[in-house]
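All residue numbers for the sequence shown refer to this note's numbering, where the first residue is 4 and numbers rise by one. Even for Gly, the Cβ is constructed at its ideal location relative to N, Cα and C. Computed from a prediction, not measured in an experiment: that's the story for all the values here. To start, the structure under review is shown below, and the notes come after it.
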Amino acid sequence: MANKNVECQNTGMTLVITYFVFFVVNSLIIWLANMLFPAQVVLGTWYISGFWAIIHSMGTLALINTFTIPFVRDTEKKRDKMLSKNEWMVVCFLINVAGVWLIARKANQFGMGIKSWLVAVILGLVFGVVQTMAMMQVEKCRKKCC
Numbered sequence: 004m005a006n007k008n009v010e011c012q013n014t015g016m017t018l019v020i021t022y023f024v025f026f027v028v029n030s031l032i033i034w035l036a037n038m039l040f041p042a043q044v045v046l047g048t049w050y051i052s053g054f055w056a057i058i059h060s061m062g063t064l065a066l067i068n069t070f071t072i073p074f075v076r077d078t079e080k081k082r083d084k085m086l087s088k089n090e091w092m093v094v095c096f097l098i099n100v101a102g103v104w105l106i107a108r109k110a111n112q113f114g115m116g117i118k119s120w121l122v123a124v125i126l127g128l129v130f131g132v133v134q135t136m137a138m139m140q141v142e143k144c145r146k147k148c149c
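Quick look at the structure:
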């Protein structure tokens, strides 16, 4: 049986859980955005269904978000200072805006389109806030389990 401290520090598993949390949160947000504002956020093309567009585009955004974490942690080590919650939210916001914009620019491949860059900024803000709240809950559960 594995030591409890070893299980708690399994960063590989932490990244997998982070990916799935990001994926679920992103998928729900983009689906709601499409339901509430169909002229601003478009899901699907003539050959990609809306469901597949959600899976493909938000899976990619979750992957971008998850791959960013080790680089931010490395930057924290180099600065010898941890990021505050507000700094993390700014990083999440910037990554999400860039990710949404890049994914929307490739609408034929991902099946998701947006009307303007302002929609990317608003979605990035919503993604950042909700992802931060979700990750704080995951961290709280992880600390309670360990």
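Measuring only the C-alpha atoms, how far is residue i from residue j?
i, j, result
"L64", "N29", "8 Å"
"C148", "V141", "11 Å"
"V93", "I72", "13 Å"
"L18", "V27", "14 Å"
"F40", "F54", "16 Å"
"M85", "E79", "5 Å"
"V103", "L126", "8 Å"
"R76", "V44", "32 Å"
"V2", "N68", "Nothing about residue 2 can be reported from this structure: the residues present for the chain run from 4 to 149 only."
Between residue i and the rest of its own chain, which residues show a CB-CB distance below 7 Å, the 5 nearest in sequence each way excluded?
i, result
"W34", "I57"
"I106", "S60, T63, L64, F113, M115"
Just to check my reading of the structure: residue i and residue j have Cβ atoms closer than 8 Å, yes? What is that Cβ distance to the nearest angstrom?
i, j, result
"V100", "A123", "5 Å"
Can you find a CB in chain B that lies within less than 9 Å of the CB of residue i?
i, result
"W55", "The displayed structure is made up of one protein chain only, and chain B is not part of it."
Self-check item: Ordered list of beta strand (DSSP E) runs contained in the region 53-111, each at least 3 residues
Solution: For the region 53-111, not a single whole beta strand (DSSP E) run of length 3 or above is found.
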